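At position 158 of the sequence shown (counting the first as 1) the number is 1076 in our numbering, and the numbers step up by one without a gap.
Note that the Cβ used here is the ideal one computed from N, Cα and C, for glycine as well.
The model shown is predicted, which means the values in this text are computed figures rather than measured ones.
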Amino acid sequence: MLNKIIRLTILLILTQQIVACDPTRNNIFAPNKRLLKKYPKNAGYFPDYKQGWLDGCETGMATGFANDYYKLFYKFQKDREMVKKGVKPYLRAWSSAMIYCRHFVTATLKEAQMTPKLPGQGFSLPLGGDKGDGDLPAAGHGILNVWDLKNQGAIGLSKW
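Structural data, given as structure tokens:
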């Protein structure tokens, strides 16, 4: 019995060290890493476009639409030099990828029935229901519609 507890403890410690070593998009536990490779096939000829896609997608997965698990691995990423120079392929790819990945993450979390929480609040926002939560307005009206996506694969927010 004691031997089993020691093995389990060692396994837990090793798992923690593996996860804690690289809290970036390269970590094996980072969610939806495949999105980072969804850039167009001919983007390899345009390194600025490819970099814009990677940075934009990472930003999209780290926005307020994602939960804390996503935010552990992804962060806001935008190359200041590319922005200052006005490199159009980078800027276009960044914007497209940010929107695409943000909505993909939102749809994934919604499908898993996980809803974003406001900072410092312990409640979940209702998704598409008619009831509000305490002082909050009903989900069918106002800014809460940000989480009520009608077409999960489409880009855009419903009821705006």
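Here residue 972 is not near residue 990, since their CB atoms are 8 Å or more apart. The beta carbons of residue 996 and residue 1012 sit closer together than 8 Å. Taking residue 970 as reference, the option from 1001, 919, 920 with the minimal CA-CA separation is 1001. Between the C-alpha atoms of residue 929 and residue 1021 there is a straight-line separation of about 36 Å. A residue is called buried when at least 16 other Cβ atoms come within 10 angstroms of its Cβ; residue 966 meets this threshold and is buried. For the 8 Å CB-CB criterion, residue 964 and residue 977 do not form a contact.
When DSSP states are grouped into helix, strand and coil, residue 949 belongs to the coil group.
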